[in-house]
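Numbering (our numbering), first residue to last: 39 to 503.
C-beta: ideal position from N, C-alpha, C; glycine also.
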């Protein structure tokens with residue numbers, strides 16, 4: 039684990055963080071800072087229903103933009119919002135929150151690019167759309183070998199490392215609140231997950247569409263209540279975040295480099311902008327133009343980091359417990375909430391982390407499933423993958439939080455580097471699609487895309503007839 043930590047420190051400091059920032063700035067420039075100008079447009083895309091086929095019938099095997107949004111949000115809104123924010127503050131100080139904000143604002147452009155490409159290069163299998171980075175690496179870059187490597191790394195990262203984190207924090211919360219042995223909680227969770235993932239993407243989308251709004255609204259209502267009742271202290275909290283971000287007020291993390299690193303890493307774990315995960319869900323949506331799903335996924339980054347993560351940060355910073363405790367992760371969030379609403383907070387957090395992490399496990403599983411499908415069409419390998427998913431959920435109940443973060447950081451490095459390389463190479467395609475979308479809007483028509491609009495890609499684009 040010491041070697042893994044050293045490797046992580048080097049890769050994130052000198053390679054991953056600079057690339058993420060440069061990529062985000064590049065797409066913000068190429069897309070005319072759309073994330074700051076078209077928030078209303080992003081929200082409107084959520085209401086788009088299924089596109090009809092040539093006979094005027096809805097494609098029953100596809101899913102809507104909203105369902106694709108909640109599947110990706112199911113993965114985004116998870117332990118990163120409760121435990122990840124807490125760990126960022128614990129290690130990097132309050133200033134880490136500021137860098138989470140920065141990467142969300144800029145990274146939404148990266149999220150737009152990767153999800154638009156996923157829609158553009160998606161394929162149809164048995165009536166349903168699938169796609170993601172492996173597919174735009176194959177059809178866009180003509181490098182199937184790169185897609186194979188990415189798919190393997192995706193399985194290691196999302197279908198294994200991230201699942202371990204979600205299970206670890208559910209088990210830790212239940213153990214802290216009810217005294218349930220971590221391994222027992224993990225086994226029960228694994229059984230529940232196994233029952234759901236057998237149903238495929240439609241059951242995943244259905245379950246997520248119920249769980250995600252419920253858990254997010256309940257948590258946000260409590261957070262907003264705490265903010266309103268402590269409104270006079272909010273300016274002080276904001277000052278602490280900003281001053282710590284620039285080294286004016288150093289906290290537990292020490293150097294400003296650690297503050298930035300923690301903000302970027304935990305922000306990425308939470309909102310996944312540039313990681314290449316959300317595009318797998320974005321590709322499944324039935325929509326009339328690839329850009330529309332790019333806008334929806336950019337909105338997901340805002341929802342995750344600027345709203346949910348900020349609420350957790352405010353709860354922790356208002357409590358002040360981060361200054362005097364050695365608690366990390368979900369336990370720190372629980373201790374902070376207890377100072378505001380009393381001992382029953384631990385029961386609320388246990389329920390919240392269960393639903394947050396549970397939905398994330400479901401969303402992460404689908405990302406892994408898409409990668410397995412890219413690697414092989416044989417169903418027996420899918421059953422093996424499902425068994426591995428259930429097994430990793432059990433493993434999560436056996437590991438320490440520090441070891442889990444180290445493994446996740448290393449796995450994230452691989453998929454981020456491969457994905458950033460690919461979307462930067464394909465950035466001219468993103469620009470063309472964005473231009474095509476806006477040209478149609480300027481004419482006052484509802485944008486629809488057909489592959490003859492970019493004739494040079496007619497052989498590579500398998501849908502969009």
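Taking the alpha-carbon of residue i as reference, which of the options has the nearest alpha-carbon?
i           : options               : result
residue 345 : 390, 255 and 165      : 255
residue 156 : 475, 393, 196 and 322 : 322
residue 422 : 406, 458 and 436      : 406
residue 343 : 137, 80, 62 and 60    : 137
residue 468 : 54, 159 and 129       : 159
residue 501 : 134, 56 and 168       : 168
residue 75  : 337, 260, 435 and 446 : 337
residue 284 : 69, 125 and 135       : 135
residue 355 : 265, 83, 409 and 416  : 265
residue 318 : 466, 276 and 408      : 408
residue 435 : 222, 83 and 195       : 222
Exposed or buried, residue i, counting other C-beta atoms within 10 Å across all chains shown (16 or more means buried)?
i           : result
residue 327 : buried
residue 411 : buried
residue 6   : In the structure as shown, the chain begins at 39 and stops at 503. Residue 6 is therefore absent and cannot be evaluated.
residue 379 : exposed
residue 270 : exposed
residue 364 : exposed
residue 313 : buried
residue 164 : exposed
residue 257 : buried
residue 37  : Since the first residue of the chain shown is 39 and the last is 503, residue 37 is not available in this structure.
residue 324 : buried
residue 503 : exposed
residue 480 : exposed
residue 278 : buried
residue 60  : exposed
residue 139 : buried
residue 58  : buried
residue 78  : exposed
residue 362 : exposed
residue 417 : exposed
So, are the CB atoms of residue i and residue j less than 8 Å apart?
i           : j           : result
residue 121 : residue 371 : yes
residue 161 : residue 304 : no
residue 186 : residue 455 : no
residue 211 : residue 353 : no
residue 442 : residue 300 : no
residue 332 : residue 153 : yes
residue 399 : residue 431 : yes
residue 131 : residue 282 : yes
residue 485 : residue 329 : yes
residue 235 : residue 419 : no
residue 351 : residue 127 : yes
residue 451 : residue 50  : yes
Going by beta carbon distance, what residues of the same chain come within less than 6 Å of residue i, once the five residues before and after it are set aside?
i           : result
residue 444 : 39, 42 and 43
residue 66  : 144 and 147
residue 498 : 177
residue 55  : 302
residue 357 : 374 and 377
residue 448 : 42 and 46
Distance, Cα to Cα, residue i vs residue j?
i           : j           : result
residue 213 : residue 151 : 41 Å
residue 215 : residue 45  : 35 Å
residue 206 : residue 173 : 31 Å
residue 192 : residue 320 : 16 Å
residue 217 : residue 349 : 27 Å
residue 347 : residue 297 : 16 Å
residue 359 : residue 384 : 15 Å
residue 142 : residue 310 : 9 Å
residue 493 : residue 52  : 39 Å
residue 392 : residue 220 : 13 Å
residue 71  : residue 477 : 17 Å
residue 496 : residue 180 : 14 Å
residue 381 : residue 373 : 9 Å
residue 63  : residue 233 : 42 Å
residue 475 : residue 487 : 8 Å
residue 224 : residue 166 : 32 Å
residue 367 : residue 489 : 47 Å
residue 426 : residue 340 : 32 Å
residue 197 : residue 471 : 31 Å
residue 334 : residue 415 : 29 Å
residue 259 : residue 439 : 28 Å
residue 276 : residue 261 : 16 Å
residue 369 : residue 453 : 29 Å
For residue i, which residues from the same chain have a beta carbon less than 7 Å from its beta carbon, with the 5 sequence-adjacent residues on both sides left out?
i           : result
residue 437 : 202 and 206
residue 446 : 199, 200, 203 and 307
residue 463 : 179
Cutting at 8 Å between CB atoms, please list the residues of its own chain near residue i, excluding the five before and the five after it.
i           : result
residue 396 : 204, 208, 227, 230, 231 and 249
residue 32  : There is simply no residue 32 to check, as the chain begins at 39 and stops at 503 in what is shown.
Compare the C-beta of residue i with all C-beta atoms of chain C and state if any pair is closer than 8 Å.
i           : result
residue 410 : Protein chain content of the structure displayed is limited to a single chain, and chain C is not contained in it.
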